[in-house]
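Enquirer: Protein chains in written order, with the working numbering: chain P, 3 to 335; chain W, 322 to 926; chain B, 57 to 387; chain L, 108 to 393; chain A, 18 to 352.
Built from N, CA and C at the ideal position, the CB exists for glycine as well.
This one's a predicted model, so the numbers in the text were calculated from it and none came from an experiment.
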Amino acid sequence: MNRKNDNPEKEIEKEGLIKAKKLQKVFVVGGGFARSRLLAVDDVSFQVNKNEIFTLAGESGCGKTTVSKILLGFLEPTQGEVYYRDKNILELQKWEEKKQFMKEVQSIFQNPFETFNPLRKVDSYLHDTAKNFGMNGKKRDKKAVEEALQSVGLGMEEVQGRYPSEFSGGQLQRISIARALITKPSLLVADEPVSMVDASLRMSIVNLFKELRDEYSVSVLYITHDLATAYYVSDRIGIMFRGNIVEMGDVEEVLMNPKHPYTQMLKESIPEADPKKKWTERVSITELETEEYMRKGCKFAGRCPFVEEKCKDFMPEEFFVDGRMVRCWLYEK
Amino acid sequence: QLAEDIPREKTFIADVLTGRVGTPANFNVFTTAWRNPDRGVQQLMLEPLWLVDYVTGEVINALAAEGPIYNEDFTQMTVKLREGCQWSDGVPITADDIVYGIELCMQDSGMSYNAPFNLYVDKVYKTDDYTVVFEFKEPNARFHANFIDRWGGWRPFPKHIFEEAEDPLSFDFNPPISSGPYVLKDFDQAGYWTLWERREDWDKTPTGILYGMPQPEYVLFYYYGDAANKVIAQANHNLDMTDLTMEAFRAILERNEYSRGYRKEYPWVVNVDPCMTGLTLNNDVSPFDLKDVRWALTLAIDIVDYIGIAFDGAAPMGVLHVPPTPVYQEWYYKPLEEWLKNLTLDIEIDGEPFKPYDPEAPFRLVEYVKERGYDVPKEPEAIREMFGPGWWKYAPDVAEQLLLRNGFTKDANGKWLLPDGTPWKIAITAHPSPSHPQHRNSLAAAQQWRNFGIDVTVNPSEAYAALAQTGDYVVNDNWPAIEPWGGHPDLYRVLSPFRTSYYRPIGEQAVGHSSRWYNEKLDKVIEEMEKVDWDSDKNLQLGMEGLKILVEEMPTIPTFGYPGVVAWDEYYWTNYPGAENPYTQPYHHWPNFKYMLPFLRPVER
Amino acid sequence: MDILKTENLKSYYILEMGETKKEVKAVNDVTINIHEDEIYGIAGESGCGKSTFLKTICKLVEPPLRMIGGTIYYQIDGKYVEITEIKEEDFRKLRWKYISYIPQGSMNALNPIIRIRESFKDFFTAHQKIENEERDFEEPLKKHLSALGLPVRVLKSYPHQLSGGMRQRTTIALATILKPRIIVADEPTTALDVVAQRAVIQLLKDIQKLQKNTIILVTHDMAVHANITDRIGIMYAGMFVEEARTDDIFENPLHPYTKFLIASLPKMGDKTYKPSVPGVPPSLSNLPPGCPFHPRCPYVMDICKKEIPQLVELNTEHKSACFLNSKERVE
Amino acid sequence: MESFKELMKDGRFKFAFIVICVLALMSILSFFSPYNPLKWNVVPRDLPPRWPHILGTTSQGQDLFWQSTFAIRNSLIIALIASSISRVIAVIVGLIAGYKGGKVDTILMSINDSFVVMPLLPILILIASVMRENLTMVTLGLILSLFGWAWDARVIRSQILSLREREFTYTAILSGTRTFSLVIKEYFPFIIPIIFSTVINNMIWAIGMEVTLAILGLTNIEVPTIGTMIHWAVNYQSMLLGYWWWILTPVVISILLFVALYLLSSSLSEYLDPRTRIQRIGKAGQ
Amino acid sequence: MLFFKRYLLPRIVQFLVVVFVGITIVFIVPRLTPVDPVQQVINRITAQGAFLDPAAVDSMRKSLTELYGLEGSMLQQYFAFWGRLFRGDFGPSLFQFPIPVTQLIMTSLPWTAGLLISTTLISWIVGNLLGGLAGYFKDRRWAKVLDNISMVIRPIPYYIFALLLLILFAYLFPIFPSAGGYSVGRRIGFNWAFISDVLKHSFLPATSLVVLGIAANFMTMKLIVSNIVAEDYVMYAKAGGLKESKIAFKYVLKNGLLPQITGLALSLGQIFGGALITEIVFSYPGIGTLVYGAINSGDYNLIMGVTSLSVIGIAGATLIIDLLYPLFDPRIRHR
Ligand SMILES: Nc1ncnc2c1ncn2[C@@H]1O[C@H](COP(=O)(O)OP(=O)(O)OP(=O)(O)O)[C@@H](O)[C@H]1O
Ligand SMILES: Nc1ncnc2c1ncn2[C@@H]1O[C@H](COP(=O)(O)OP(=O)(O)OP(=O)(O)O)[C@@H](O)[C@H]1O
Ligand SMILES: [Mg+2]
Ligand SMILES: [Mg+2]
């Protein structure tokens, strides 16, 4: 990927499967005296290309889930647009249109135990999905379900007639993926799919994404704060901080050679599973999330070691350096 | 529950019949607004011109010195006032008070008696300090009835006080000035009680003049609420005189050895009350417009069971539209007895014309009462006095004949169908209070007619009286006829409401009796009555004529005389006017109560 | 010297639903020694009984959890005391001064309607008299907080006013204010982002250095273990299957489950394929006979299906419960 | 059946169930009563309990046992009508307000709040005295249901609001489920326990209201219900006259009924509580 | 300003809507009754024995209707009603004409308010305290005993319970007076004799309200607490070795009381409706008996006055609690 100093807009129009354009989402939070507006997502543009795993990473509360909900059409952005195969999904009105979109863009969620209604049998979701998107008759539906289960390494017998509480988290996450695959989607939005499963299971799920991309040509929008797996699995990555994407580009380059001060700090903080590489320096974190959200200029200005006067008053623009986007005044030419 | 400075043994405590006083600070009972006059106002504070006593059959001259004096053609009435009476502030009561009062009431439509006075009175003036003359617009032989106190009646009020009031309607007359033997001592702002104190100058009131000093120094009227509360209060000797239900009365007898009723033995109740209870049929509603139906409903009643259900047997039965009290038995029941025995219905049973009257009915009731374990006297005369002279036969078979010949039919379950084939359903609109004798009539009737095969429901309603007035009912438990004076044989009050000109169809407010029945023959009787003196023998004859018509037509069904369940506590006071010594009417809520007080005797405790 | 040890500890969840009784063997025959002045890590799949183990050693056993058997010793002033022999009121006094507990999900561990200062005071006064508010409480509290790098103004806040990471650190500060000999921390960093996680880890390290006490730390994040612990115990299905010094575990895992665990850890700058543990974890209420890991074990032998392997010391301070290793030893 | 067996192991449920069964049996017995409940003087009056009048007789000459069979039946009918209809209203309002949100929610909740805040007893008494003649058991049930839904609609709404935010809602949407079947399939299982426990609480409330109105004499007092039985007993001074069996019968019945319903509701809602239910479901599979 | 627009205004609008709907219902319902107040007065005067020539009754009816302000269509009466309401005037009582309804209510209100405020507060505090403790220590013997007692007491029909108290303590053991608000002839004043007299009179009514109120609060609070004890912070406090009593009060009870505050506001708002049954049984001089009498006599204006005040009272109480709630719950305050 060599896109030095290119205008990414043009690129997006060429290859993108789903494109987010200048998304903004404002929440009104609280009541009474403390009622306030929260800019959860601000000026976020990115695209997921065909046949790639794109990671959206960042600390908790930075707006990742909000972005994914907007992409899936569950939430209306305050501003901005989302294009799927050049169709503005915010303008989908008819149920049929929406259904077609859903058929191609599916999602899995963070908490496998919450993904399915605890009072319903898990396989009913699989059959529902097949029935609602298949229109091929019962037999074929059944086959579609079985195929999907197979592709995540499960069999119908294990799943049939059981409730969510009878499965382990890893199994549930696989079933959840299988459900999403029934419609043969082109894009899978996975919102923190591994944060609730333990280390030993993480790999099996992440490995599954790789398999999906390589064997079934499914693109994956992988949302996580686990940079180690992000590095392991994805092609490109966007780092979010307080509602903005601060750095975006090839995963290798962004993570191994971060440019934005925040990404640098983030990388520093990733613990290595190696007793020889213990942390030595100390970090300080602010405790005032809202303060950072409210900040006029760069939201990282409060703890950035390279902070300048300008940072405090003006939000940095998107700069393109070395084939990646960086939102930091340091890189203004 | 008396404060320390009010000695219990010098206080007489009675119940307020009509409940909690809504306007406790207002003693102006001379407007049309309701002011609970039975909190002592009519009993202790005010004296009328005349007052009627239904036990002694007497009309008592109170503030008036003698009876009304009419001229020949009944266009003028003269009232002589008693001399030596004074208001509680020491001002003498004179003709000025009367003239002023009458004129004030005529001027202001919010004052009571505004309407009748304006209708009849042309002029009112005094000829001397103790003589008032009324001139009428048209002849009226009974105008004085407006001044006879029997739970109401125009009563004089002090001119020198009302003159000062800006607006007599909103004037609260507080503190009140009495013409009666007591003055207001204190009252509850919340309306539960009113305390009266004997006047120093009690001998300047008709009560004192006529009967001597009222014994209790204080009289307290207290609203205790439900019957159960009254029982508790009397059992604790905190209520000397009260009005109860039969059940509550039995409870108090068990709980308080000092309690007694009007009679010391069963049936305990007052049988001298001038009200006749029964059932009112709406004669404008089919099928009650048919005389046969009305009679059938009457004959379907087993009066023994009926009184058993309603009052455990303790009420005097009567077939006339006047109560079977001793005086009315004397005046009307006995003279009409032969006629009743020979009365026939135009229906033949076993080839004989059917005679419905059953003089044995009271004796059957006695059988029932004995079964219940009560002791009753054996002498027929005493039985008749206690349980009434007789009633109609229980003849469901005859009733059936009467209905069948009018096209009614019976279905397979023995239920009656109307001539048009639909099931016969009767909804009785009942007095809302289940302890009221009216309500008990409804319950008993429902039982009787259900047994006869009619679907009956009983619907108690706060609006029962209003519904009766507009004719919005089929059967109710209203008085079958307006009650008579009680202490005078004149039946104008009973008969005149049935006159044809008072008839109003359903939907309009009734002017006369709510049964919406009228009869030409009765009209004649009423017209004649208006032209005779109420003391005359002719008037008595006319009354009998009227009663006969009512019996034959049976527009409403009289059942039993109002059984007054009074309970007296002899712990602090004795010498109540019980059946053994009926010196006056026995209630504490009637205006005559003031004439009872001089005769009460304290028990030293 | 050991500060805490258990012998054949068993605690089960006993769920009675009418006549049917279900036993969840969450801690199943655990014998373990924890030394003074060390950070002892416990790792294992979720649901393997880590939290239950911690609750049991803190004597926070409430129905449906029941301690079925075994013993727990605290070392108090050089003597081992069996904790079931301590009276309830005496044990209450031990809490927070001798052993304190930072629960899982400690974001919700603070009473939401009282100020944090108030919480501190409640916990403080439960064990220590305050004669002079300023001297006995305010001073040490402020010292404690600033030693841990926490701003003093958190005291004036209500819990919901703090971010998750901050709340977590406050709970930790609260648990350590009386300088307990043992701090038991259950997943103090899950649900935190890496930056906040790092701050929490740092905090725990600092406390241990400062107070020279023992920390028992549960997390399934091996990277955290690598960073902070001195020794690690690996739990699987209610049992300890391996225990060793942290370096040893990462360098030379002996139990097949541990091997999988270590091998599957992703590393920055390393995109090679990482395998994952095959199969699914067993249900603790319905354990397979023999070694609980045998259905997933690629080296399964006949004996594994019949007998439960014991935790035996193989190298210095390196114990493992696997017939594979013990056989090697025996031979 | 399975679940019934399990429930029966709960002592509270067992007691409640037996009591309810006995009461239900009694109400069925009313169809075989030898006496017409509307007729008086069918048996000797004021007898204390003894064979064949096992609960004694009243001052109206009615047999208390048979009278209670009718009373239980009628009170239960009122309660069932009131609670079932108000449940329907509550569920519909709660579901719509919770799922639709926005303006619809605001409007529905305004109406709802007005009902919550209405001074119920004075208004009920007013209506009862207006209606009295037409106040059959059915209409009484209907009127009570009109006033008994508001609070529970609120509970259902807030439950839906929180369910709407849970991930499985999105899973269901992504499975192509449309709104209606989403509500039925995903949310109803969570609503049912609420419906169950509130249905019973509402029955308790309705019976209590009937008793209050009847004691004040505002219902059709000829029809035997628990309330009208108390009404007659009080009016005929059974307490003061020492006819304890008369007043005690309806009072004990009502206490039994209340306690049984209360226990039933608490053990059922515990049983149906999603949390414990999930545990049980888990067990079934293992 | 933002606070006013976003927070205060919607709540006030809600309050107004509730009041509007409530009062409209209150206006309509009594007018559906067949009770004609004019007819009631006439009946009372004639039925009790006063002699009125039937012809005179007609003209009397006309003048009364005019006097009572009952002419005009419903709509006209409705507008007139609102007009008066804004002036704080509920018009004259129909039955006790021309006394203003406000005056009638004002004489009864102190009694009811005194009785209900104190009993509501007592039963709220005691009921919640006991319920909270019994919920926290649910395995103790006394908790189980209390639980069973309240379960049996709560369903006893109010009326029966009150009557039982009356018979027991005013009759079988006549310790307390059976009726009224104070002794006959006692001067109303702020002195110990009067106050003790009032307390003695209100003891039984208050007891009946308090006992049943405690039972009701007890049961709700127990339910709330059973959820709170499962919260993490309770468990943490236990792990921290806090004394049981401290946990019970500060960590369980205090949190459990929050949802109960709304209930308290609703009950306090209800005092304008009076304690109907209690007042009837004990002949207590409050609003309950006033209402009962008004209903029996078809006194539209009085009924509407009382019920309107109730609506405003309850809606106002909820509004105030809404506005004050942040004071009790910091989570709302600082959001
Ligand atoms: N419905 C909502 N109403 C108000 N604020 C919201 C809402 N949803 C999210 N937020 C706020 O918006 C911000 C971004 O939330 P979001 O859930 O998108 O973050 P995230 O990156 O997914 O975090 P996490 O890693 O915790 O899942 C957070 O501060 C959150 O509190
Ligand atoms: N209250 C309970 N009732 C029944 N079973 C329980 C209960 N709490 C935990 N369990 C079961 O006990 C086992 C061990 O639970 P525990 O919480 O100790 O696991 P853990 O290792 O801490 O898991 P995690 O990493 O998810 O915190 C699990 O299988 C769990 O399902
Ligand atoms: Mg998220
Ligand atoms: Mg755990």
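Using the DSSP secondary-structure output, state which residues sit across from residue 39/P in a beta bridge.
Expert: Partner(s): 30/P.
Enquirer: Does the distance between the C-beta of residue 106/B and the nearest non-hydrogen atom of ligand 4 fall short of 7 Å?
Expert: It does: the Cβ of residue 106/B is within 7 Å (strictly closer) of some heavy atom of ligand 4.
Enquirer: Determine the burial state of residue 7/P: buried for a count of at least 16 other Cβ atoms within 10 Å of its Cβ, exposed for fewer.
Expert: Its pLDDT being 42, under 50, residue 7/P is placed unreliably by the model, and nothing is read from it.
Enquirer: Provide the residue(s) that pair with residue 240/P in DSSP beta bridges, ordered along the chain.
Expert: 58/P and 250/P
Enquirer: Report buried or exposed for residue 329/B, applying the criterion of at least 16 other Cβ atoms within 10 angstroms of its Cβ.
Expert: exposed
Enquirer: Please return the same chain residues whose Cβ sits closer than 8 Å to the Cβ of residue 894/W, not counting the five positions on each side in sequence.
Expert: In its chain, beyond the 5 residues on either side, 333, 536, 537, 561, 921, 922, 923 and 924 have a beta carbon closer than 8 Å to the beta carbon of residue 894/W.
Enquirer: Please go through the same chain and pick out, in chain order, the residues whose beta-carbon is closer than 8 Å to the beta-carbon of residue 346/W, but skip the five residues on each side of it.
Expert: Only 493, 495, 508 and 510 meet the Cβ criterion.
Enquirer: Taking the alpha-carbon of residue 79/B as reference, which of 70/B, 85/B and 86/B has the nearest alpha-carbon?
Expert: 70/B
Enquirer: What is the rounded straight-line gap between the Cα of residue 139/P and the Cα of residue 208/P?
Expert: 33 Å
Enquirer: Might you give, ordered along the chain, the residues of its own chain that have their beta carbon closer than 7 Å to the beta carbon of residue 309/A, omitting 5 neighbours on each side?
Expert: 293 and 297
Enquirer: So what's residue 183/B in DSSP terms, helix, strand or just coil?
Expert: coil
Enquirer: Please identify the residue among 120/B, 236/B, 112/B and 288/B whose C-alpha is closest to the C-alpha of residue 126/B.
Expert: 112/B
Enquirer: Do you know offhand how far residue 149/L's Cα is from residue 164/L's?
Expert: The straight-line gap separating the alpha-carbon atoms of residue 149/L and residue 164/L is approximately 10 Å.
Enquirer: Helix, strand or coil for residue 688/W, going by three-state DSSP, please let me know.
Expert: In this structure, residue 688/W counts as helix in the three-state DSSP scheme.
Enquirer: Please report the straight-line C-alpha distance between residue 649/W and residue 804/W, rounded to a whole angstrom.
Expert: Between residue 649/W and residue 804/W, the C-alpha separation is close to 12 Å.
Enquirer: When burial is assigned at 16 or more other CB atoms within 10 Å of the CB, is residue 163/P buried or exposed?
Expert: Looking at its Cβ environment, which holds fewer than 16 other Cβ atoms inside 10 Å, residue 163/P is exposed.
Enquirer: Got a sec: does ligand 6 put a non-hydrogen atom nearer than 7 Å to the Cβ of residue 160/B?
Expert: The ligand content of the structure shown is limited to ligand 1, ligand 2, ligand 3 and ligand 4, which means ligand 6 is not among them.
Enquirer: In the stretch 622-654 of chain W, which residue ranges form an unbroken alpha helix (DSSP H) of at least 4 residues, counting only runs that do not cross its ends?
Expert: 624-632
Enquirer: Taking 8 Å as the CB-CB cut-off, is residue 339/A touching chain L?
Expert: no
Enquirer: Which residues in the same chain have their Cβ closer than 6 Å to the Cβ of residue 324/P, if we skip the five residues on either side of it in sequence?
Expert: none
Enquirer: Under the three-state reduction of DSSP, which class applies to residue 7/P: helix, strand or coil?
Expert: Confidence is the limiting factor: at residue 7/P the pLDDT is only 42, short of 50, which leaves the residue's position unreliable, though a coordinate-based value still follows. Looking at residue 7/P - three-state DSSP - the assignment turns out to be coil, as it is neither helix nor strand.
Enquirer: Could you spell out the range, first to last residue, of the beta strand (DSSP E) harbouring residue 780/W?
Expert: Run containing residue 780/W: 776-781, per the beta strand (DSSP E) assignment.
Enquirer: Does at least one heavy atom of ligand 1 sit under 7 Å from the Cβ of residue 240/P?
Expert: no
Enquirer: How many Å lie between residue 621/W and residue 712/W at the Cα?
Expert: 12 Å
Enquirer: Give, in chain order, every residue of the stretch 361-381 of chain B whose Cβ lies closer than 7 Å to some Cβ of chain P.
Expert: Residues: none.
Enquirer: Could you tell me which residues DSSP puts in a beta bridge with residue 160/L?
Expert: 157/L
Enquirer: What is the C-beta distance between residue 84/B and residue 295/B, in whole angstroms, given that I count them as a contact (C-beta under 8 Å)?
Expert: Contact holds; Cβ gap of about 5 Å.
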